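In this note's numbering, the protein residues as written are 1037 to 1571.
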């Protein structure tokens, strides 16, 4: 079945608290998607972000981003008084103002601590109505929650100090017990100096999971599937590396030996140096890939389909000696290949993706852009994973013919552009319009005029041979470079864009639905939109 959807990270939703969240605007967006005939809401990774707001640099592969917790929903639950929302530092900002991460982070932390104090969950036993749910959550999610909350607790206890140096400051704190999670899920047996902070971080994750699960269930009722994103690597400064150092190439002092990146190419003369520690796949294999399998199961409790970022790393990855200033002097190293996915399939308890009558595969999309060798293609096809195509690459300077809408393979997710690209309007203005050869190439398929290019690209993506077509909301709104989400290689001023609450009109939904119907991407039955939770 041909389907389509919209790419929009929840941080880009309009809201009253400086950043998009999982509250009323998220439910309204789901309703709008259903009205517009869309079957997917694609998001970026949901984990805690770094100081620049990047969802691809997180302290945990399992935890949720506390900035996405909706204050309005906390008021509805009685965990905050309405007056708590009147934070003068941020509550007066426009609903679509760019995200200022440090300001938002400080304000959200104050609200969450207020909610924690009102909840009665700081103590070993609580009489709040949420107590039973909270205790069950901490027990059921203990396999990742304990080490995450312990890591965050220690990071606050030793601010600015890298985790390998914590033992120099520990003063009797049982670091190995914390790292191994050898304590009560509710932290009852932790030292008093740690107990309250540890439980606060458990509480924050409880709130996130509670709000996300409710939104996910609501989307399912409206016929909208959540399309997630899984970065292949994790941050060195993360609970994952701290708790499982044996799974990464680290030296005896827990410093990275090799780090991840990609080699030089046409676009990057020195390659890209990401700096994430690379995996010890031999040790992961010996342990039955337990950490990775747990990660996949965790992801698919939250989403219905997921893009695996840098999928080629499972076939072979580029390893750079730590300390090198560029990625030029790395080497290709074999990844786990098919063996990993065979083991994953044998243990799979999550959802499946139906590819044909009586045929199914894991609900994975392989991000296979960039330098792709035959072994990567063979690995993807062996397990029936769709790949990716980007229209901008077909019509831009790189002229990737296999991404043309009439040539793209059906087992592909077609994008007009991704979060790493400029918007279609910005791309046309800055990369295409001044080059007569590129304009002529594009005009073989569409009008390619400034006033039409955003919808030209949407229609080309939807009319392509791909089974799934995804377009960023910025293209639906016809926005230019000012609405770009990320410029790769630039650490600051990214991930900040938000749209106006008046943008998603009925007429725009109808226009998108008509394009979707003409391309045969609307299901025969679409549930009617339900009411939106009110603050």
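Positions of the beta carbon are idealized from the N, C-alpha and C atoms, including for glycine.
All values reported here derive from a predicted model rather than from experimental measurement.
Bounding residues of the alpha helix (DSSP H) (the contiguous stretch that carries residue 1188): 1178 to 1193
Which value, in whole angstroms, describes the spacing of the CA atoms of residue 1454 and residue 1520? 10 Å
Evaluate the contact criterion for the stretch 1481 to 1494 versus the stretch 1459 to 1472: three or more CB pairs, one atom per stretch, below 8 Å. yes
Which of helix, strand or coil does DSSP assign to residue 1445? coil
Look at the alpha carbon of residue 1295 and the alpha carbon of residue 1546, and state the distance between them as a whole number of angstroms. 48 Å
Among 1188, 1526, 1078 and 1310, which one has its Cα closest to the Cα of residue 1088? 1526
Report yes if the CB atom of residue 1415 is closer than 7 Å to the CB atom of residue 1351, and no otherwise. yes
Is the beta carbon of residue 1106 sitting closer than 7 Å to the one on residue 1241? no
Helix, strand or coil for residue 1521? Go by DSSP, reduced to three states. coil
On the three-state DSSP scale, how would you describe residue 1075? coil
With DSSP as the reference, please indicate the residues paired to residue 1574 in a beta bridge. Within the shown structure, residues of the chain are numbered from 1037 to 1571, placing residue 1574 beyond reach of any answer.
Any idea which residues DSSP pairs residue 1308 with across the strands? 1298
Complete alpha helix (DSSP H) runs within the stretch 1364 to 1424 (minimum length 4 residues, chain order): 1374 to 1383 and 1410 to 1418
Looking only at C-alpha atoms, which of 1477, 1309, 1280 and 1287 sits nearest to residue 1323? 1280
Hey, how far is the Cα of residue 1309 from the Cα of residue 1344? 19 Å
Below 8 Å on the Cβ atoms is my contact criterion, and I expect residue 1110 with residue 1151 to pass it. Report the Cβ-Cβ distance as a whole number of Å. 5 Å
Nearest to residue 1437 (by Cα), restricted to the options 1421, 1474 and 1516: 1474
C-alpha distance - residue 1252 paired with residue 1263, whole-angstrom precision: 11 Å
Can the beta-carbon of residue 1522 be found closer than 7 Å to that of residue 1456? yes
Please report the Cβ distance between residue 1431 and residue 1477, rounded to the nearest whole angstrom; I am assuming they are in contact, meaning their Cβ atoms lie under 8 Å. 6 Å
On the criterion of 16 or more Cβ atoms from any shown chain inside 10 Å, does residue 1278 qualify as buried, or is it exposed? buried
Indicate whether residue 1422 and residue 1448 have their beta-carbon atoms separated by less than 7 Å. yes
Terminal residues of the continuous beta strand (DSSP E) containing residue 1040? 1039 to 1043
Beta-bridge partners of residue 1286, as assigned by DSSP: 1292
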